[in-house]
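For the record, the sequence lines run as chains A and B.
Residue 208 in my numbering sits at position 208 of the first sequence, and the numbers go up by one each step.
Residue 417 in my numbering sits at position 160 of the second sequence, and the numbers go up by one each step.
Backbone N, C-alpha and C define an ideal beta-carbon position, used for all residues, glycine too.
Model, not experiment: these values are computed from the prediction.
2 protein chains.
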Amino acid sequence: MKNYRLLITYDGTRYKGWEHQPGAETVQGKIEVCLGRMLGLSASPEDYFGANPPIELIGSGRTDAGVHAKGMVASVKLPTEQSPDTIRDYLNHYLPDDIAIREVREASDRFHARYNTTGKTYEYTIFDGPVKPVFIRKYYTALDEPLDADRMAEAAEYFVGEHDFKSFCTNPKMKKSTVRRIDNLAVRRNKGYVTITVSGSGFLQNMVRIIAGTLIEVGYGRIEPSDIPSIIEAKDRTAAGPTAPAKGLCLLAVNYD
Amino acid sequence: MKNYRLLITYDGTRYKGWEHQPGAETVQGKIEVCLGRMLGLSASPEDYFGANPPIELIGSGRTDAGVHAKGMVASVKLPTEQSPDTIRDYLNHYLPDDIAIREVREASDRFHARYNTTGKTYEYTIFDGPVKPVFIRKYYTALDEPLDADRMAEAAEYFVGEHDFKSFCTNPKMKKSTVRRIDNLAVRRNKGYVTITVSGSGFLQNMVRIIAGTLIEVGYGRIEPSDIPSIIEAKDRTAAGPTAPAKGLCLLAVNYD
Chain A
1 MKNYRLLITY DGTRYKGWEH QPGAETVQGK IEVCLGRMLG LSASPEDYFG
51 ANPPIELIGS GRTDAGVHAK GMVASVKLPT EQSPDTIRDY LNHYLPDDIA
101 IREVREASDR FHARYNTTGK TYEYTIFDGP VKPVFIRKYY TALDEPLDAD
151 RMAEAAEYFV GEHDFKSFCT NPKMKKSTVR RIDNLAVRRN KGYVTITVSG
201 SGFLQNMVRI IAGTLIEVGY GRIEPSDIPS IIEAKDRTAA GPTAPAKGLC
251 LLAVNYD
Chain B
258 MKNYRLLITY DGTRYKGWEH QPGAETVQGK IEVCLGRMLG LSASPEDYFG
308 ANPPIELIGS GRTDAGVHAK GMVASVKLPT EQSPDTIRDY LNHYLPDDIA
358 IREVREASDR FHARYNTTGK TYEYTIFDGP VKPVFIRKYY TALDEPLDAD
408 RMAEAAEYFV GEHDFKSFCT NPKMKKSTVR RIDNLAVRRN KGYVTITVSG
458 SGFLQNMVRI IAGTLIEVGY GRIEPSDIPS IIEAKDRTAA GPTAPAKGLC
508 LLAVNYD
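Here you go:
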């Protein structure tokens, strides 16, 4: 058994997210079945979330339905001596054209794509100009009125640091710690685009989309930048803005030491 | 009645081309119905290719099913006093999100988007690298083996000038002249992309796609660059290469004096 590290990009539009689940098209499910077929193992998706999966593709984390990725990382132990490039080319040949394996490389036996993560970077893209670009329309959230991106950038600074982000978590029954560290949160305008880039230790369920939704409220003047600390303090989902649509979100990169 | 000039971009993936036709989704059809609705005229697509269309949107030319455009130009006479920006915003609000009106401006009464054309520029995009980009996968033709772009660029030079391009026309019953002038034909490689950009006086049916298909044959060594003049001379469709897929083609710009 060799351990491999995969760098993956996908258009999440038609998937029920990363994580395999019964009766649904998922990114993890597609790749697992494809790896299984390559190795002459089961080609039935159900076997891969059963009790004894033939192989287990471990993602750095989940992405929600409709969320995209340019730099998802996964690890997988495979009973094969095939070269990383051969594995990559096989997968790219047989995977649907909205998933691509950018790189496969051998990893140490101890490498685990989820446990070893030290941070992630997400990008949230909004378009608020008068003429919406048609070719990339599935990768941004369109707004009809222009945002004040300077106000949003001012608000963004309050998020940086270690905080309890319970107000920015969809799961109300979250029992584990909701404390996370945000290292960087930048809001940039480039013509009709407003891009929110956020890096941190890890993110709660829907956390980036709720931050984006809250920053949009700031951009429309419905929340003041200086309100952010009290929204964080509230530790209450209803204190923050709405969850911004999935289609604007993209996992850019996953970090390891 | 005022005459307007529209600059239009569309993702042609799901359309049966530009030109309106019975029972098919077309770009011209979508825009005509939308303009009709704005003016309180008929919202029935059939009325717009009937004997007395309520309005007539004149494109600079047709694009085939599946072909894209960044710079299609059309003209239309409308019984309205609405400002160009109001018309643009109305259309962009109600058109499907794979069609956008980049600009509407008033034109002289004599401006006719088809008759007044002095030239067009098309771009044909091929990807031949190992990892196909997923986000723009509907806008290039994917090839598994790398092309020799230098050979293609060498072949491209033979196309420039005024020639009878009958070998590069799908329609065998074409009665009008098949003589056209190509002003520029460039082949450029940028990493995994090979882009063919062609400007000329006008193009026959499938002409750009047959030129692209022929250049791909050159890139694979199956046709010599120096064979191009005799292929043109043959005035026979079977002498040229295959018609490259529609999805790689995009109308970049239409010129007027």
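Short Cβ contact (8 Å threshold) for residue i with residue j
i, j, result
"Ile114(A)", "Glu103(A)", "Note on residue identity: the sequence assigns Arg, not Ile, to residue 114(A). Cβ distance not < 8 Å, so Arg114(A) and Glu103(A) don't count as in contact."
"Ala326(B)", "Thr266(B)", "yes"
"Cys34(A)", "Tyr94(A)", "yes"
"Tyr4(A)", "Val76(A)", "yes"
"Val330(B)", "Val511(B)", "yes"
"Tyr450(B)", "Thr382(B)", "yes"
"Gly274(B)", "Leu508(B)", "no"
"Asp493(B)", "Ser424(B)", "yes"
"Ala501(B)", "Gly478(B)", "no"
"Lys247(A)", "Lys138(A)", "yes"
"Asp11(A)", "Val391(B)", "yes"
"Glu419(B)", "Arg438(B)", "yes"
"Ile468(B)", "Glu474(B)", "no"
"Leu39(A)", "Leu7(A)", "no"
Inter-residue spacing [alpha-carbon to alpha-carbon] between residue i and residue j
i, j, result
"Ser458(B)", "Arg367(B)", "20 Å"
"Pro486(B)", "Ser365(B)", "42 Å"
"Glu380(B)", "Ile453(B)", "6 Å"
"Lys430(B)", "Thr495(B)", "14 Å"
"Lys259(B)", "Gly286(B)", "21 Å"
"Glu56(A)", "Tyr48(A)", "7 Å"
"Ile31(A)", "Leu91(A)", "7 Å"
"Val324(B)", "Tyr256(A)", "43 Å"
"Val198(A)", "Thr121(A)", "6 Å"
"Thr80(A)", "Leu41(A)", "12 Å"
"Arg445(B)", "Leu472(B)", "12 Å"
"Pro353(B)", "Glu145(A)", "19 Å"
"Thr86(A)", "Ile489(B)", "42 Å"
"Glu282(B)", "Thr270(B)", "11 Å"
"Ala43(A)", "Tyr140(A)", "34 Å"
"Asp484(B)", "Ala491(B)", "11 Å"
"Gly59(A)", "His112(A)", "9 Å"
"Ala443(B)", "Asp98(A)", "30 Å"
"Asn373(B)", "Arg319(B)", "15 Å"
"Gln82(A)", "Ile393(B)", "30 Å"
Local Cβ density within 10 Å of residue i, reported as buried at 16 or more and exposed below that
i, result
"Met152(A)", "buried"
"Arg209(A)", "buried"
"Val436(B)", "exposed"
"Ala357(B)", "buried"
"Asn441(B)", "exposed"
"Ala280(B)", "The sequence given here places Gly at residue 280(B); Ala does not occur at that position. With fewer than 16 Cβ atoms within 10 Å of its Cβ, Gly280(B) is classed as exposed."
"Lys389(B)", "buried"
"Ala206(A)", "First, the residue type needs correcting, since residue 206(A) is Asn and not Ala in the sequence shown. Asn206(A) comes out buried."
"Asn428(B)", "exposed"
"Asn447(B)", "exposed"
Integer-rounded CB distance, given that residue j should sit under 8 Å from residue i
i, j, result
"Glu363(B)", "Pro387(B)", "So it is not a contact: roughly 50 Å between Cβ atoms."
"Pro225(A)", "Ala155(A)", "4 Å"
"Gly476(B)", "Leu404(B)", "3 Å"
"Ala399(B)", "Phe416(B)", "Contact flag wrong, Cβ pair sits at about 24 Å."
"His277(B)", "Pro311(B)", "About 13 Å; that fails the 8 Å criterion."
Delimiting residues of the beta strand (DSSP E) encompassing residue i
i, result
"Tyr193(A)", "Tyr193 to Gly200"
"Val67(A)", "It is not in any beta strand (DSSP E) - Val67(A) carries neither H nor E in the DSSP assignment."
"Arg209(A)", "From DSSP, Arg209(A) is part of no beta strand (DSSP E) but of the alpha helix (DSSP H) over Met207 to Gly219."
"Glu289(B)", "That residue, Glu289(B), is in no beta strand (DSSP E); its alpha helix (DSSP H) goes Val284 to Met295."
"Ala253(A)", "Leu249 to Tyr256"
"Arg151(A)", "Taken as a continuous stretch (DSSP letters only), Arg151(A) belongs to no beta strand (DSSP E), being part of the alpha helix (DSSP H) at Ala149 to Ala156."
"Gly161(A)", "Gly161 to Asp164"
"Glu360(B)", "Ile356 to Ala364"
First through last residue of the alpha helix (DSSP H) which encompasses residue i
i, result
"Gly200(B)", "Within the shown structure, residues of chain B are numbered from 258 to 514, placing residue 200(B) beyond reach of any answer."
"Leu263(B)", "Note, Leu263(B): premise wrong, no alpha helix (DSSP H); beta strand (DSSP E) at Lys259 to Tyr267."
"His93(A)", "Pro84 to Tyr94"
"Ile485(B)", "Ile485 to Ala491"
"Ala443(B)", "Premise fails: Ala443(B) lies in the beta strand (DSSP E), Val436 to Asn447, not in any alpha helix (DSSP H)."
Within-8 Å CB hit, residue i to chain E
i, result
"Lys191(A)", "This model lacks chain E altogether; the protein chains it does include are A and B."
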